[in-house]
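In our numbering, the protein residues as written are 67 to 346.
Glycine included, C-beta positions come from ideal geometry on N, C-alpha and C.
Worksheet for the structure shown next.
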């Protein structure tokens, strides 16, 4: 099942994608794709609904971030061996954890804004994991039972802010519009193996990233379990699990985003994002 949120920024409505690719309005059933709606029993109830009985959404509305009221936006760094190598860094012994501000979250096709003092704005296609229920001290074996579903994330990064402006990586990760999520949340049952998902990212039609989640250093289950040893995870928390090689930082010469660029990225079965890059 593919759940989504549509409508103007700040006034998104819940919806689902029917078998024909049409958006159906879920507003009469749930108030948002958020919180307790992400629990297993709630998702099971949504799955029982005949999409044809729901109102059809006409036209082509804006698609919002596929999860509302995100409490934590957690990212995993250096989680692909080949990306660590292109970054000139060693593979970590434990998952590298950092946070993006939730104010960075945007819709999958919203404009990406280059910060005013940016010199190295970069791209990163990533598998997003959405937590479905309270998670604490969960084992690797049970970790995926706590996942509501999966989505595409573009973990945009300003490398100069991130690496050279002192402090933690959060400076380079949290700029407004640097966290497009969606287009839809694909429920866990529809993704039998999150470790075998091809993914790509293109800028102006040139494919820079062409990888797969099977080359992750730490699996989704390992990441969820590891995080739960240090903090509780709540319904709607989003975990961005790292990127394959091909980021701008790893190009020769280094290549970064500029106003006028067009980004396209996707993960098999989880949808495609398309963003125009504009000056912030």
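Following the continuous beta strand (DSSP E) through residue i, name the residue where it begins and the one where it ends.
i, result
"residue 202", "Premise fails: residue 202 is in no beta strand (DSSP E) and is neither H nor E."
"residue 229", "Residue 229 -> not in any beta strand (DSSP E); alpha helix (DSSP H) instead, spanning 225–230."
"residue 339", "337–345"
"residue 332", "328–333"
"residue 132", "It is not in any beta strand (DSSP E) - residue 132 carries neither H nor E in the DSSP assignment."
"residue 253", "251–253"
"residue 83", "79–83"
"residue 263", "Counting along the chain, residue 263 falls outside any beta strand (DSSP E), and DSSP gives it neither H nor E."
"residue 179", "178–180"
"residue 99", "It is not in any beta strand (DSSP E) - residue 99 carries neither H nor E in the DSSP assignment."
Got a sec: is the Cβ-Cβ distance from residue i to anything in chain D below 7 angstroms?
i, result
"residue 275", "Structure shown: chain D not included; a single protein chain is present."
Please list the terminal residues of the continuous alpha helix (DSSP H) segment that includes residue i.
i, result
"residue 292", "286–294"
"residue 68", "Here residue 68 belongs to no alpha helix (DSSP H); instead the beta strand (DSSP E) covers 68–72."
"residue 108", "106–113"
Is residue i helix, strand or coil by DSSP?
i, result
"residue 218", "strand"
"residue 169", "helix"
"residue 151", "helix"
"residue 90", "strand"
"residue 212", "helix"
"residue 275", "strand"
"residue 347", "Shown here, the chain extends from 67 to 346; a query on residue 347 therefore has no answer."
"residue 122", "strand"
"residue 233", "coil"
"residue 312", "coil"
May I have the straight-line CA-CA distance separating residue i from residue j, to the nearest angstrom?
i, j, result
"residue 32", "residue 162", "Residue 32 falls outside the range modelled here, since the chain spans only 67 to 346, and no answer is possible."
"residue 198", "residue 339", "23 angstroms"
"residue 195", "residue 345", "30 angstroms"
"residue 69", "residue 237", "31 angstroms"
"residue 326", "residue 304", "29 angstroms"
"residue 335", "residue 71", "18 angstroms"
"residue 105", "residue 140", "20 angstroms"
What whole-angstrom Cβ distance do residue i and residue j have, given they're in contact under 8 angstroms?
i, j, result
"residue 308", "residue 192", "6 angstroms"
"residue 131", "residue 248", "6 angstroms"
Look up residue i in the DSSP assignment and give the residues it is bridged to.
i, result
"residue 194", "217, 306"
"residue 187", "224"
"residue 162", "143"
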